[in-house]
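Participant:
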Amino acid sequence: MPNNKHVFLLNEKSDNPKFKRKRGWKDSKEDEVEVPLQPKFIKDFQKENFRNDNISFYAQRKQRNENRLIQFPKNIDLIRIFFHTVFNADLNNKFEQRYGLSPVEYSHFNKTVVFEIINETLFLNFEKHIKEVIESPDETTYDNRPFNLIALILKFEFIGYRNRLLTSKETGILLTFISSANAVSIVQKQALLNFLDEQNLQITYNNSFPDILEIKNIKRSQNKFIADNFDIVRMITSTRALKIRPGAFGVNRREFGFTVTIPENLTTVGIIDTGISLIEPFENILLNTSYDHTGNGPFWDESGHGTMVAGLVILGDEFQMAVKENYSAKAKVIAIKALHNENDDINIPQLLLDIREAKRNYGVRLFNMSLNIPFAKKYNDTYSQFAYELDKLAHEEDILIFISVGNFDMDNLEELVINEAHPDHEYPTFFYNLNGTSQSHNCQNTNISEPSESLNNISVGALAGNLEEGDNTDITPNSFYPAYYSRKFHFDHSQPINKRPLSRNQNNKNLNKPDFVFEGGDLFRYDAGLEILRSPLANDDKYFGRSCGTSLSTPLVTSYAAEILNSYPSLKTQTVKALLINCASYYKKNDLPDFKTSTDSLLKSMVGFGKPQKTKLLSTDDNSIIFIIEDEIEAQQILTIPIVPPDYIKDSGNKLKFDISLCYSFMPLKDNHLNYLPVYMSFNLVKNVDIKTVAEKEQVEYGIKNGFSWSEDHHGIENRVFSNAQFKTYILQPNDLQNVGDTIALGVRCLVKSEIPASHAAKLENKKHSFSIVLSVTELPQINASNQLYSTMISCNEIRNIIELDGDADIEIEV
1406 MPNNKHVFLL
1416 NEKSDNPKFK
1426 RKRGWKDSKE
1436 DEVEVPLQPK
1446 FIKDFQKENF
1456 RNDNISFYAQ
1466 RKQRNENRLI
1476 QFPKNIDLIR
1486 IFFHTVFNAD
1496 LNNKFEQRYG
1506 LSPVEYSHFN
1516 KTVVFEIINE
1526 TLFLNFEKHI
1536 KEVIESPDET
1546 TYDNRPFNLI
1556 ALILKFEFIG
1566 YRNRLLTSKE
1576 TGILLTFISS
1586 ANAVSIVQKQ
1596 ALLNFLDEQN
1606 LQITYNNSFP
1616 DILEIKNIKR
1626 SQNKFIADNF
1636 DIVRMITSTR
1646 ALKIRPGAFG
1656 VNRREFGFTV
1666 TIPENLTTVG
1676 IIDTGISLIE
1686 PFENILLNTS
1696 YDHTGNGPFW
1706 DESGHGTMVA
1716 GLVILGDEFQ
1726 MAVKENYSAK
1736 AKVIAIKALH
1746 NENDDINIPQ
1756 LLLDIREAKR
1766 NYGVRLFNMS
1776 LNIPFAKKYN
1786 DTYSQFAYEL
1796 DKLAHEEDIL
1806 IFISVGNFDM
1816 DNLEELVINE
1826 AHPDHEYPTF
1836 FYNLNGTSQS
1846 HNCQNTNISE
1856 PSESLNNISV
1866 GALAGNLEEG
1876 DNTDITPNSF
1886 YPAYYSRKFH
1896 FDHSQPINKR
1906 PLSRNQNNKN
1916 LNKPDFVFEG
1926 GDLFRYDAGL
1936 EILRSPLAND
1946 DKYFGRSCGT
1956 SLSTPLVTSY
1966 AAEILNSYPS
1976 LKTQTVKALL
1986 INCASYYKKN
1996 DLPDFKTSTD
2006 SLLKSMVGFG
2016 KPQKTKLLST
2026 DDNSIIFIIE
2036 DEIEAQQILT
2046 IPIVPPDYIK
2056 DSGNKLKFDI
2066 SLCYSFMPLK
2076 DNHLNYLPVY
2086 MSFNLVKNVD
2096 IKTVAEKEQV
2106 EYGIKNGFSW
2116 SEDHHGIENR
2126 VFSNAQFKTY
2136 ILQPNDLQNV
2146 GDTIALGVRC
2156 LVKSEIPASH
2166 AAKLENKKHS
2176 FSIVLSVTEL
2186 PQINASNQLY
2196 STMISCNEIR
2206 NIIELDGDAD
2216 IEIEV
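So this is what it looks like as structure tokens:
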């Protein structure tokens, strides 16, 4: 295959400071922005529900005040309100002015809000209006009444210690703080630090990550004391890792029996795991520099998990696909030992500091984390604090962390699938059946584990294959199916929130986790697992073993990313992500017999963009080309970048296929589900007309043809969830090529949500937002293609070879 390298596209762009925000077609009812629904009359069941909520609220508030053993100048009391509608900026102002309530946390797509009571006098109005509703005569209307805002409420509750203390564990405790404007929050935090010091508790806290604090060991009584007395502590959770693989298999088979060639200028990958053993194949590949949270040494890998992961990153899929005497290394690795045993706690603040230091001191930009926090995420649950911190770090440092989505527990899966037959346990019903009747399985338990919902980073699920010839699966139907133990995305827009359905325009077809799938082996047969490297000193599985899980599929994708940076070291990490997306593919639902009766959304929720294919990852053939665009755009701005297709294609009768992927990182908005990603971008393939036509006219005037739509809709922007990873295919037929003239253009546009804190909005409005686009152009049908597309498009477009930028080349790491 020709080695046609990817290139930067540098054709001169045009831009306009704003663009028409209305669609070019009549909005359908199903796309309307959600309108608050107010019952005409106060119903008896509403009165009864409010009466019960009111009794519980004041009982719990009274109990909390009585249980306080530390008196502060002011308390920070929290109330959670479940709304029928999205809590927007207008309601924010009304609830603050009328009831003295200020939001500190949004969830359930901002239909559930935790408020801080900032004005006790105004909050008396809330008490009064609730009481008026409870005591109102039959068929009292809300219309034009002082208590009309109460009609928007489904229920409310006080945030007491039970809503804060969410774990009974005594090790690996994470405290998450609220963002309060109350000056007493500073006093409380200092008092908390003093208390932890007086109790001789080992903590990890750093002002670089002010919203979290880790405690290594703590008694349950001390945990409860914190939950009872320190209002700034929103949640107390455990960071104990899941069992990080569903199962391992193996016997002693042979010595390593191969050597590893180390090319120059290899990318270094940080392995966040259980340490890495100093085995022979890692000689001169495993860096002496390391990080260790455990005190047991970074090169002591008790479980073998980190060694397995490192081997998969270093050797990639080549090791499983062919037996050789010599392999070429795909990456160097640096050990970040976060665990010693498989289910130890993860010191999140320390891990964040180590990742930042590895980037700043040693130039590490790729990290593999085949670890998760326990429990599947609930349906439509918001972004976790861990995911937020990783998103923030990735944006600030231009890094990319590959995170496994987690595995369904092996023992439970064996019981459900083999020993306890039930329709709800069959593939793929196992993953999604809201009306299931099984007494031992709920489909919610197959959702992803945190922090794999992180948007700036990459999450990976598993296919059941093991990269060897034939179908070696056991319980999964086939090797190219998502593995039985792999996990799915937890957003499900078909489910009601607070007893009301989400409006259709809140759904986003691009938003999904995992981003990718890759072979991870299958349970429970020995030959179904992937072959992995083991230490010759291990108690079992010396030298080699077999295992399966998303812990294995993740480093194989990480290895692909390392190969990209080996060839193109100057690329931004979001460009690496966009290139992986552009080269990924998967089967349609109808091509998979077991999925034919399920929904497209279920399959998408398990595979994301699919499996990255190596054929175009690093180069293309003569009938295709990959252009890369790394650029910036301002809020409200639209720009177009011309693309010149070859003249010969118009007369050839062939088609041109454009596969376009867009990725951009962002600074996340903490504790705000709907606005977590406040920056919107999208792209479209359009006519190369004057930029003002694209900015100000209807799409019928600048669009190439019907069906060539923007990659993501901006209608109802304030109520929409966005995706910072998008992919779309456009196919130009021969008559389209005749009609567009000599050039076409790639349009890109950007918006920022307005219903976010003013300080955050100001920063976003007054900066340029970086984005990465990978544009793959292919001549179809390829069997009759001209074998000149690459060379011709190179000659008729302004391009630049992708070379290493100044600065990175000077980084040297001791090995």
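Following this note's numbering, the numbering of the sequence shown begins with 1406 at its first residue and continues without gaps. Heads up, the beta-carbon is just placed ideally off N, CA and C, and yes, glycines get one too.
What residue from Asp1548, Tyr1784 and Tyr2107 has the CA that sits closest to Val2091's CA?
Facilitator: Position 686 of the sequence shown, counted from the first residue, corresponds to residue 2091. Nearest option by C-alpha distance: Tyr2107.
Participant: Three-state secondary structure (DSSP) at Cys2201?
Facilitator: Locating residue 2201 in the sequence shown gives position 796, counting from the first residue. Three-state result, Cys2201: helix.
Participant: What number of angstroms, rounded off, separates the C-alpha of Pro2139 from the C-alpha of Ser1733?
Facilitator: In the sequence shown, counting from the first residue as 1, residue 2139 sits at position 734. In the sequence shown, counting from the first residue as 1, residue 1733 sits at position 328. Using only the alpha carbons, I get a separation of about 44 Å.
Participant: State the DSSP-derived secondary structure class of Gly1702, mapped to helix, strand or coil.
Facilitator: The residue given as residue 1702 occupies position 297 in the sequence shown. Coil, per DSSP.
Participant: Please classify Asn1416 as buried or exposed, where buried requires at least 16 neighbouring CB atoms within 10 angstroms.
Facilitator: Numbered from its first residue, the sequence shown carries residue 1416 at position 11. That one is buried.
Participant: Could you check if Ile1620 belongs to the surroundings of the ligand GTP, using beta carbon to heavy atom distance under 8 Å?
Facilitator: Of ligands this structure carries none, so the ligand GTP is not represented either.
Participant: How big is the Cα-Cα spacing for Ile1690 and Ala1646?
Facilitator: Counted from its first residue, the sequence shown places residue 1690 at position 285. Counted from its first residue, the sequence shown places residue 1646 at position 241. Their backbone Cα atoms lie some 27 Å apart in a straight line.
Participant: Determine the closest residue to Thr1545 out of Pro1478, Gln1451, Lys1977 and Ser1789, with distance taken between C-alpha atoms.
Facilitator: On the sequence shown, residue 1545 is found 140 positions in, with the first residue counted as 1. Thr1545 has its Cα closest to that of Gln1451, out of Pro1478, Gln1451, Lys1977 and Ser1789.
Participant: What are the boundary residues of the beta strand (DSSP E) that Val1509 is part of?
Facilitator: As a position in the sequence shown, residue 1509 is number 104, starting the count at 1. Taken as a continuous stretch (DSSP letters only), the beta strand (DSSP E) holding Val1509 covers Leu1506 to Ser1512.
Participant: Considering only C-alpha positions, which residue in the set His1710, Tyr1784, Leu1757 and Arg2205 is nearest to Tyr1793?
Facilitator: If you number the sequence shown from 1, residue 1793 lands on position 388. Nearest option by C-alpha distance: Leu1757.
Participant: Assign Ile1602 to one of three DSSP states: helix, strand, or coil.
Facilitator: The residue given as residue 1602 occupies position 197 in the sequence shown. A small correction: the amino acid at residue 1602 is Asp; Ile does not occupy that position in the sequence shown. Correct three-state label for Asp1602: helix.
Participant: Is it true that the CB of His1895 sits closer than 9 Å to the CB of Arg1909?
Facilitator: Taking the first residue of the sequence shown as 1, we reach residue 1909 at position 504. Taking the first residue of the sequence shown as 1, we reach residue 1895 at position 490. No, the Cβ-Cβ distance between Arg1909 and His1895 is not below 9 Å.
Participant: Assuming Gln1755 and His1698 make a contact with CB atoms under 8 Å, what is their CB distance in whole Å?
Facilitator: Counted from its first residue, the sequence shown places residue 1755 at position 350. Counted from its first residue, the sequence shown places residue 1698 at position 293. Indeed, because the Cβ distance is near 6 Å, the residues count as touching under 8 Å.
Participant: Can you tell me which of Asp1816, Gly1954, Thr1842 and Asp1814 puts its alpha carbon nearest to the alpha carbon of Gly1870?
Facilitator: Counting from one through the sequence shown, the residue named residue 1870 turns up at place 465. For Gly1870, the nearest C-alpha among the options comes from Gly1954.
Participant: Please identify the residue among Ile2207, Phe1949 and Lys1893 whose C-alpha is closest to the C-alpha of Glu2222.
Facilitator: This structure gives no information on residue 2222, because the portion of the chain shown stretches from 1406 to 2220.
Participant: For Ala1763 and Lys2102, I'd like the C-alpha separation in whole angstroms.
Facilitator: Residue numbering aside, residue 1763 sits at position 358 when the sequence shown is read from its first letter. Residue numbering aside, residue 2102 sits at position 697 when the sequence shown is read from its first letter. Each residue's Cα considered, the two are about 49 Å apart.
Participant: In three-state DSSP terms, what is Gln2131?
Facilitator: In the sequence shown, counting from the first residue as 1, residue 2131 sits at position 726. Residue state, collapsed to three classes: strand.
Participant: What's the C-alpha gap between Ile2208 and Leu1970?
Facilitator: As a position in the sequence shown, residue 2208 is number 803, starting the count at 1. As a position in the sequence shown, residue 1970 is number 565, starting the count at 1. Cα-Cα distance, rounded: 11 Å.
Participant: If we call anything under 9 Å between Cβ atoms a contact, is Leu2022 one with Cys1988?
Facilitator: Numbered from 1 along the sequence shown, position 617 holds the residue referred to as residue 2022. Numbered from 1 along the sequence shown, position 583 holds the residue referred to as residue 1988. Yes.
Participant: Cβ of Gly2112 within 9 Å of Cβ of Thr2045?
Facilitator: Numbered from 1 along the sequence shown, position 707 holds the residue referred to as residue 2112. Numbered from 1 along the sequence shown, position 640 holds the residue referred to as residue 2045. Cβ atoms of Gly2112 and Thr2045: not closer than 9 Å.
Participant: Taking only runs of the alpha helix (DSSP H) that begin and end inside the stretch 1789 to 1877, which ones reach a length of at least 4 residues, in chain order?
Facilitator: As far as the stretch 1789 to 1877 is concerned, its whole alpha helix (DSSP H) runs of at least 4 residues are 1790 to 1802 and 1815 to 1819.
Participant: With the cut-off set at 9 Å, would you say Phe1724 and Ile1558 are in Cβ contact?
Facilitator: Taking the sequence shown and counting its residues from 1, one reaches residue 1724 at position 319. Taking the sequence shown and counting its residues from 1, one reaches residue 1558 at position 153. No.
Participant: For Asn1409, which residues from the same chain have a beta carbon less than 6 Å from its beta carbon, with the 5 sequence-adjacent residues on both sides left out?
Facilitator: To locate residue 1409, count along the sequence shown from 1; it is residue 4. Contacts found: Ser2024, Thr2025 and Tyr2195.
Participant: Please state whether the Cβ-Cβ distance between Lys1425 and Gln2041 is less than 9 Å.
Facilitator: Numbered from its first residue, the sequence shown carries residue 1425 at position 20. Numbered from its first residue, the sequence shown carries residue 2041 at position 636. The answer is no: Cβ separation not under 9 Å.
Participant: With DSSP collapsed to three states, give me the class of His1745.
Facilitator: Residue mapping note: residue 1745 aligns to position 340 of the sequence shown, counting from 1. Three-state DSSP puts His1745 in coil, outside helix and strand.
Participant: What is the DSSP secondary structure of Arg1765, reduced to helix, strand or coil?
Facilitator: For the purposes of this step, residue 1765 is taken as residue 360 along the sequence shown, with counting starting at 1. Helix, per DSSP.
Participant: For the candidate residues Gln1900, Thr1842 and Ala1826, whose alpha-carbon lies nearest to that of Phe1514?
Facilitator: What you label residue 1514 is simply residue 109 of the sequence shown in a count that begins at 1. It is Gln1900.
Participant: With H, G and I counted as helix, E and B as strand and the rest as coil, what does DSSP make of Met2086?
Facilitator: Within the sequence shown, the letter at position 681 stands for residue 2086. Met2086 falls in the strand class under three-state DSSP.
Participant: Suppose you measure from the CA of Tyr1931 to the CA of Val1738; what does that come to, to the nearest Å?
Facilitator: Along the sequence shown, read from residue 1 onward, the residue named residue 1931 stands at position 526. Along the sequence shown, read from residue 1 onward, the residue named residue 1738 stands at position 333. So the two alpha carbons sit approximately 29 Å from each other.
Participant: According to DSSP, is His2165 part of a helix, a strand, or is it coil?
Facilitator: Position 760 of the sequence shown, counted from the start, is the residue given in the question as residue 2165. Residue state, collapsed to three classes: helix.
Participant: Check whether the Cβ atoms of Lys2009 and Lys1914 lie closer than 9 Å to each other.
Facilitator: Working through the sequence shown from its first residue, we reach residue 2009 at position 604. Working through the sequence shown from its first residue, we reach residue 1914 at position 509. Yes, the pair counts as a contact, with Cβ atoms nearer than the cut-off.
Participant: Tell me whether Asn2206 is buried or exposed, calling it buried when 16 or more other Cβ atoms sit within 10 Å of its Cβ.
Facilitator: Sequence index remark: in the sequence shown, residue 2206 carries index 801 (1-based). Flag for Asn2206 reads exposed.
Participant: Tell me whether the stretch 2123 to 2133 and the stretch 2165 to 2173 touch, counting them as touching only if at least three CB pairs, one residue from each stretch, are closer than 8 Å.
Facilitator: Flag = no, the stretch 2123 to 2133 and the stretch 2165 to 2173 do not touch.
Participant: Ser1940 and Asp2118 - do their beta-carbons sit closer together than 9 Å?
Facilitator: Along the sequence shown, one-based indexing puts residue 2118 at 713. Along the sequence shown, one-based indexing puts residue 1940 at 535. Result no, Cβ atoms of Asp2118 and Ser1940 do not sit closer than 9 Å.
Participant: In chain order, which continuous runs of the alpha helix (DSSP H) of length 4 or greater are located wholly inside the stretch 1930 to 2006?
Facilitator: The stretch 1930 to 2006 contains these whole alpha helix (DSSP H) runs: 1955 to 1972 and 1978 to 1987.
Participant: Buried or exposed: which applies to Val1822, given that a residue is buried once 16 or more other Cβ atoms fall within 10 Å of its Cβ?
Facilitator: On the sequence shown, residue 1822 is found 417 positions in, with the first residue counted as 1. Buried: at least 16 other Cβ atoms inside 10 Å.
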